[in-house]
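Beneath this line is the structure, given in structure tokens, with notes to follow.
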Amino acid sequence: MIIAAIFMALSLVMQEKPAVGEVALVLSKSNLRAAHEIAELTNAPEVSSVKPPLSAFVKLESSEVIERLFDNGALVVVNGEKVLELSAYKERRSLLPHPKAMPKKALC
3 MIIAAIFMAL
13 SLVMQEKPAV
23 GEVALVLSKS
33 NLRAAHEIAE
43 LTNAPEVSSV
53 KPPLSAFVKL
63 ESSEVIERLF
73 DNGALVVVNG
83 EKVLELSAYK
93 ERRSLLPHPK
103 AMPKKALC
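Written out as structure tokens, the structure reads:
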């Protein structure tokens with residue numbers, strides 16, 4: 003379990019920097035500002051209405067936004083497109099009925 007968490011963290015950090023026009027995932031330190039506060043200070047528009055304390059999805063409108071995110075307390079800024087794709091896949095998948103709950107005829 004610990005190895006999987008380390009692998010996932012490394013895969014996030016080793017990604018290419020997000021480009022202008024893309025969505026970035028901003029992670030903050032737990033003892034500093036919340037990620038959505040960093041986005042507000044940077045004037046980076048958030049693309050998600052959910053506001054967890056340690057992360058935020060923002061739209062990168064210029065190349066200077068990444069620098070300003072770090073200046074305002076961001077710990078990590080990575081490409082958020084893949085994370086959003088995975089979240090959308092998981093959400094779509096959770097809407098499907100579990101195979102055991104489906105009638106036997108539907109499985110044939």
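My numbering puts the first residue of the sequence shown at 3, with every later residue one more than the last.
Using N, Cα and C, we set each Cβ at its ideal position, and we do this for glycine too.
Here the structure is a predicted model, which means the values were calculated and not measured.
In the DSSP assignment, A58 forms a beta bridge with V28. Scanning I8, H38, E87, T44 for the CA closest to the CA of E63 turns up T44. Of the candidates K31, E24, H38, I8, K31 places its Cα closest to the Cα of V78. Annotation: A36 to I8 spans about 23 Å, alpha carbon to alpha carbon. Straight-line measurement puts the Cα of P20 at about 12 Å from the Cα of F59.
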